[in-house]
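Under the UniProt record's numbering, read the sequence shown as residues 1 to 172, first letter to last. Built from N, CA and C at the ideal position, the CB exists for glycine as well. It should be emphasised that the depicted structure is a prediction, and the values quoted were computed from it without experimental measurement.
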Amino acid sequence: MSAGARTAATLAGLLALVMVAALWGWSAATKPFPANETPPDCVDTQVAAGEQVFRDQVVVSVYNGSQRSRLAAETMALLTQRGFVAGDSGNAPERTAKTQILSPDPANPAVALVKAQFKGAEVVLANGLGPGVTVVVGEKFKALRKKKVESVVAEDAAAFCAAPGADSPQSG
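As structure tokens, then:
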């Protein structure tokens with residue numbers, strides 16, 4: 001092979017490499033960004049009878065059922081200081097005097113744990129307004145109980161909406 005032919009072959013090979021690199025670079029540069037998926041507020045979690053449910057596993061949504069402004073936000077702050085995971089908050093569709101915990105399963109251990117934080121709260125058989133256990137803070141609400149209940153033991157097998165990434169319930 002003559003020197004001119006070798007030079008032409010080398011240049012053709014280098015040109016092919018540059019073209020492949022350019023195509024690869026262009027496809028990488030124009031590739032769409034991955035979708036920014038929002039993680040779920042809570043994940044359905046099963047507990048067996050005898051297992052403990054802890055505050056950091058329970059998602060709580062708090063709604064203001066009173067005339068006082070910011071009551072839901074203030075109550076949510078108190079609950080998160082105790083270790084509960086914040087769900088939604090806002091104004092309740094209806095006013096209430098007493099604090100209510102809305103749940104389709106009043107015997108649920110997550111409901112019992114949230115109820116233990118409030119004085120005089122009543123559990124109402126209803127679907128929640130937000131993720132997790134729904135609390136509607138009433139006009140008579142003054143403060144959480146002084147006693148900070150950290151966990152409850154499930155009396156029966158149950159399911160609740162746990163915080164994503166929370167440790168699974170432990171046997172007690």
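Nearest-angstrom Cα separation, counted from residue j out to residue i
i	j	result
Gly-132	Arg-68	24 Å
Ala-49	Arg-95	36 Å
Ala-163	Leu-15	55 Å
Gln-46	Asn-108	11 Å
Cys-161	Leu-17	55 Å
Tyr-63	Pro-34	35 Å
Gln-170	Glu-74	Note that Gln-170 scores 47 on pLDDT, short of 50, meaning its location in the model is unreliable; the coordinates nonetheless yield the value given after this. Distance between the alpha carbons of Gln-170 and Glu-74: 30 Å.
Gly-130	Leu-102	10 Å
Ala-22	Ala-29	10 Å
Val-53	Ser-27	49 Å
Leu-78	Pro-32	42 Å
Thr-7	Met-19	18 Å
Candidates the options: closest to residue i by CA position
i	options	result
Ser-151	Val-137, Val-136, Val-135, Val-114	Val-114
Val-43	Ala-35, Thr-30, Ala-154, Val-60	Val-60
Gly-165	Pro-40, Ile-101, Leu-125, Lys-140	Pro-40
Ala-159	Val-124, Val-20, Ala-112	Ala-112
Val-149	Ala-126, Thr-134, Lys-119	Lys-119
Phe-141	Leu-11, Glu-122, Asp-156	Glu-122
Ala-143	Arg-6, Val-124, Ala-72	Ala-72
Glu-155	Gly-13, Val-124, Pro-106, Lys-147	Pro-106
Thr-134	Arg-70, Ala-86, Ala-157	Ala-86
Endpoints, beta strand (DSSP E) assigned at residue i
i	result
Gln-52	51-54
Ser-103	100-103
Leu-125	122-125
Ala-158	158-162
Thr-96	From DSSP, Thr-96 is part of no beta strand (DSSP E); its letter is neither H nor E.
Ser-151	151-153
Sub-9 Å separation of residue i and residue j beta-carbons
i	j	result
Ser-66	Gly-138	yes
Val-136	Thr-99	yes
Ala-116	Arg-145	yes
Glu-51	Val-153	yes
Pro-93	Gly-128	no
Gly-25	Arg-55	no
Met-1	Ala-12	no
Extent of the continuous alpha helix (DSSP H) to which residue i belongs
i	result
Val-111	109-115
* **Length at least 4, wholly inside the stretch 14-92: the alpha helix (DSSP H) runs in chain order** => 71-81
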